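Below is one structure, written out as structure tokens; the observations come after it.
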Amino acid sequence: MSGERRRPGRDAPRDAKLRAAEPREEGPRAEAGPRPAPPRRAGARPTERLPLVLTVEPDDDYALLDCGDGEKLERYGPLIVRRPENQAIWPRLRPEREWDVADAVFTGDTDEEGAGRWRFPKVPLGETWPLSHRGLSYLGRFTSYRHVGVFPEQASHWAFMTDAIEAARRPVRVLNLFGYTGLASLLAARAGAEVTHVDASKKAIGWARENAELAGLTEKPVRWICEDAMRYVEREVKRGSRYDIILADPPRFGRGPKGEVWQLFEHLPHLLAGLRDLVSDRPIGVVLTAYSIRASFFSLSALMAESFRGMGGTVESGELVIREENDEPRLLSTSLFSRWKP
């Protein structure tokens, strides 16, 4: 799908040292050889609904203004941001003068960390700036690998999750794996859930805690766990823990805090096998998102359906896309997803 999605302490850039600016890296412990495949589950496969395209529309918090020629022009709150986008192989619609008004432009032309790889044509900007999503305050961040501390296409999953939490009218437990800067965790907590947020990057956990403070949610029941996601899931299964909603947003490749290696195609079946065992008796859903992989959502759908054999329900799979804000809006595809619902 879109270009390599990198986060501090989890993804390895194709052409450089491990990224230190965007957390997205966790995985199973290093092993001498490939793990045997998880055993096949018994029972009928869930019903499958596909393809499903989840579209993020422009609003006051965020808008994709234009994209093309390998770049995208976005509005994050008050700032206009210009950065690379490998999926945008078509021509731009807006004239160059509208691109030239960007407040921040990713250049990637230095080895500096953080905002050092960005250019600010109007006024110098710091590494962070205040943003909000549906009234929840958080910080945008200019990072070394062109990301800005939030992935707006995830808003479709956030809405699914928060609507379900509010409709449940009961205590809901949420597990957020590869949780990055914590927006999903904070939105779930604000909606009334008890949340466990897991990320292998200490830097990412620090960012998430900072966002919790800015949002005024430090007293909400959120556990911040800096650990390898696969290892945490395996331990939770042994403990007999259960969750009503599980979010997993793994990288294609990553390294955990103790040298664990994550290879999505090798380890994702094991992760989903563990997640199935963590599903509560009153589940709401399991949501999986995948970026930068050479696969189709059909692959994710088949894996999700096999992992949840005998559980009933429906597996919905497709793409997350963002609609442009212009007179002839196009859709920018950002990632694949699959989710199981009871």
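This note's numbering numbers the first residue of the sequence shown as 150 and each following residue consecutively.
Note that beta-carbon positions come from the ideal geometry of N, C-alpha and C, so glycine has one too.
Keep in mind the model is a prediction, meaning the values are calculated, not measured.
At a Cβ-Cβ threshold of 8 angstroms, residue 437 and residue 397 count as neighbours. Assignment of residue 356 by DSSP, reduced to helix, strand and coil, places it in the helix class. With contacts defined as CB atoms closer than 8 angstroms, residue 233 and residue 219 qualify as a contacting pair.
An exposed status is given to residue 477, since fewer than 16 other beta-carbon atoms sit within 10 Å of its beta-carbon. Apart from sequence neighbours up to five positions away, the residues of its chain that approach residue 454 with a beta-carbon distance below 7 angstroms are 194, 195, 197 and 464, ordered along the chain. Between residue 338 and residue 371, the gap from beta carbon to beta carbon is short of 8 angstroms. For residue 292, the secondary structure class from DSSP, reduced to helix, strand or coil, is coil. Under the DSSP definition of a beta bridge, residue 280 partners with 287.
When the alpha-carbon of residue 474 is set against those of 390, 385 and 212, the nearest one is in 212.
Annotation for residue 355: no residue places its beta carbon closer than 8 angstroms to its own, counting only its chain and skipping 5 residues before and after.
In the same chain as residue 222, and ignoring 5 residues on each side of it, the C-beta atoms closer than 6 angstroms to its own belong to 214, 215, 231 and 248, in chain order. Under the Cβ criterion (8 angstroms, minimum of three pairs), the segment 307-322 does not count as touching the segment 350-367. The beta carbons of residue 457 and residue 425 sit closer together than 8 angstroms.
Where residue 388 is concerned, the enclosing alpha helix (DSSP H) starts and stops at 378-388.
Burial check for residue 270: the Cβ neighbour count within 10 Å stays below 16, so the residue is exposed.
Ranking 286, 315, 313 and 395 by CA distance to the CA of residue 361 puts 286 first. Taken through DSSP and simplified to helix, strand or coil, residue 394 comes out as strand. Residue 235 is bridged by DSSP to nothing; it lacks a bridge partner.
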